[in-house]
Structures are given as structure tokens and as C-alpha cells.
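With the first letter of the sequence shown counted as 1, position 60 gets the number 83 in my numbering; the numbers rise by one all the way through.
Just so you know, even glycine gets a beta-carbon here, dropped at the ideal spot from N, CA and C.
Nothing here was measured: the structure is a model prediction, and the numbers come from that model.
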Amino acid sequence: MKNLFFILVILGFFIACSDDQENKGENLNAQADSTPSFTQGDKLDFSLEMLNGDSLLIKADNGKVSFNTRNRATLFVFFTTWCAPCIAEIPHLNKLQEKYKDEFKIVGVLLEDKNSEELKNFSEKHKISYELANGENNYLFAKVLGGVNGIPAMFLYAKNGSLVNQYLGIIPSEMLEIEIQKALF
Numbered sequence: 024m025k026n027l028f029f030i031l032v033i034l035g036f037f038i039a040c041s042d043d044q045e046n047k048g049e050n051l052n053a054q055a056d057s058t059p060s061f062t063q064g065d066k067l068d069f070s071l072e073m074l075n076g077d078s079l080l081i082k083a084d085n086g087k088v089s090f091n092t093r094n095r096a097t098l099f100v101f102f103t104t105w106c107a108p109c110i111a112e113i114p115h116l117n118k119l120q121e122k123y124k125d126e127f128k129i130v131g132v133l134l135e136d137k138n139s140e141e142l143k144n145f146s147e148k149h150k151i152s153y154e155l156a157n158g159e160n161n162y163l164f165a166k167v168l169g170g171v172n173g174i175p176a177m178f179l180y181a182k183n184g185s186l187v188n189q190y191l192g193i194i195p196s197e198m199l200e201i202e203i204q205k206a207l208f
């Protein structure tokens, strides 16, 4: 019986929070569907607003996405504050950000309606050392990337801006680090 419980806990840890999960009346699909639609052939320029006051310009043109991260590999991590797997991966992401800080950037993209003060409190509570984006354009960014069907969801881009890989759920930090090393060259 203990083994069955242990296996269920481990499985639950590695499975992503699904997009149909509701918490406090919030539904990721409903929020994402309230943003303008994006189809191939559309050209969009918009910014992700960072919690620290900076912004990251996103350009989408004919299904290709580009952004200025100053010649650094970038990992976009889509999350919510109520997702247990999202919270569980924060220490691993902090370590990766610290280890590769000169060549690599992590951007946490919140898919939940929180004001800056609430997100700042969450960031301080969990000691997040990477940048966090907050605002309505986060949902548009998720659509531009093809949609986010569960959380945590991650999109890793190489220094040259090409997509290296995308992930759903918690990814072992060793595996993610191997992919990051590929993205750096």
C-alpha cells in the first residue's frame, strides 16, 4: 500500500497542471481566449512587461517569433502561482539561471491575473532569481507560440533565436541543462 501511494505521489509530481484546472474561478483557457487571435500571416509587435519594470519586445511574423534577449539563450517558463509543479521547479530554475547567467536568460510568464504587488510577494516568498513577466500580453505570447495546453510549459530558444525544444510538466534539471548547453552554441 505504501508503494502504491509513493508511486502516485511521484506520478503526480511529474505530471503538469492541466489547463482545465480551476482555482479561485480562474480558467487558463478562458483567459487565453479573451486575447486577440493570431494566425499565420499575421504580423504582431508587442511587449512582455517584466516585474522589474523592463519590457521584452516580441515580434511575430508569418508564424516566426523573435525577441531581443541580447544574444542569450532563453527559456520561457509559463506558470501560475497555484500550480504545485510550477512552484517545485523554481529552485532548479534559479540554479540554472545562476550557473549560466552570462549566456542564458529565464523569463517566467505568468498565466494568471495578478497585480504586480501580488506577483512581487510570490517572487519574494519563493526567492525567484529570474525575470517574471506579468500582464495581458502574456496570453497573446502563449497563443503566438502555438498555445499552452498545461503548466508548467517551457519553450527553450537558442542564442540565434531558433526554437530548441518545448516541454510540458516538470523536466529533470539534468535533462534541461543538457538542452541549455545545446542552446548556448
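* **Rounded straight-line distance, which links the Cα of Ile129 to that of Val100** => Roughly 7 angstroms separates the two Cα atoms.
* Compare the beta carbon distance of Ile174 and Cys106 with 7 angstroms and say whether it is the shorter of the two. => Judged by their CB atoms, Ile174 and Cys106 are nearer to each other than the 7 angstroms cut-off.
* **Reference Ser89; option with closest CA among Ser70, Gly76, Asp77 and Asn75** => The option with the nearest alpha carbon to Ser89 is Ser70.
* Who are the near neighbours of Lys82 in its chain, counting only those whose CB is closer than 6 angstroms to its CB and skipping five residues on each side? -> The answer, listed in chain order, is Asp68 and Ser89.
* By a C-beta neighbour count over all protein chains shown, 10 Å radius and 16 as the cutoff for buried, is Ser146 buried or exposed? -> The Cβ neighbour count for Ser146, taken over all protein chains shown within 10 Å, is at least 16; the residue is labelled buried.
* Asked: Among residues of its own chain, excluding the 5 on either side of Val132, which ones have a beta-carbon nearer than 6 angstroms to its beta-carbon?
  -> For Val132, where only same-chain residues beyond five positions count, the Cβ hits under 6 angstroms are Phe99, Phe101, Ala156 and Asn161.
* Asked: For the beta strand (DSSP E) that contains Tyr180, what are its first and last residues?
  -> For Tyr180, the enclosing beta strand (DSSP E) stretches over residues Ala176 to Tyr180.
* Asked: Which word fits Glu135, buried or exposed, when buried means at least 16 other C-beta atoms lie within 10 angstroms of its C-beta?
  -> With 16 or more other Cβ atoms within 10 Å, it is buried.
* Enumerate in chain order the residues of its own chain whose CB-to-CB distance from Gly158 is below 6 angstroms, with the five nearest sequence positions on each side excluded. => Excluding residues up to 5 positions away in sequence, Glu72 lie with their Cβ nearer than 6 angstroms to the Cβ of Gly158 in the same chain.
* **Span of the alpha helix (DSSP H), counted from its first residue to its last, around Ser146** => Counting along the chain, Ser146 sits inside the alpha helix (DSSP H) bounded by residues Ser139 to Lys148.
* What does Val167 pair with, by DSSP beta-bridge criteria? -> DSSP output for Val167 lists no bridge partner at all.
* To do: Go ahead and pull the three-state DSSP assignment for Ser78.
  => In the structure shown, Ser78 sits in a strand (DSSP, three-state: E or B).
* If you run the structure through DSSP and keep just helix, strand and coil, what is Tyr190? -> Here Tyr190 sits in strand by DSSP.
* Does the separation of the CB atoms of Glu200 and Asn188 fall below 7 angstroms? -> Note that the C-beta distance between Glu200 and Asn188 is not below 7 angstroms.
* Endpoints, the beta strand (DSSP E) within which Leu67 is located -> Per DSSP, Leu67 is one residue of the beta strand (DSSP E) stretching across Lys66 to Glu72.
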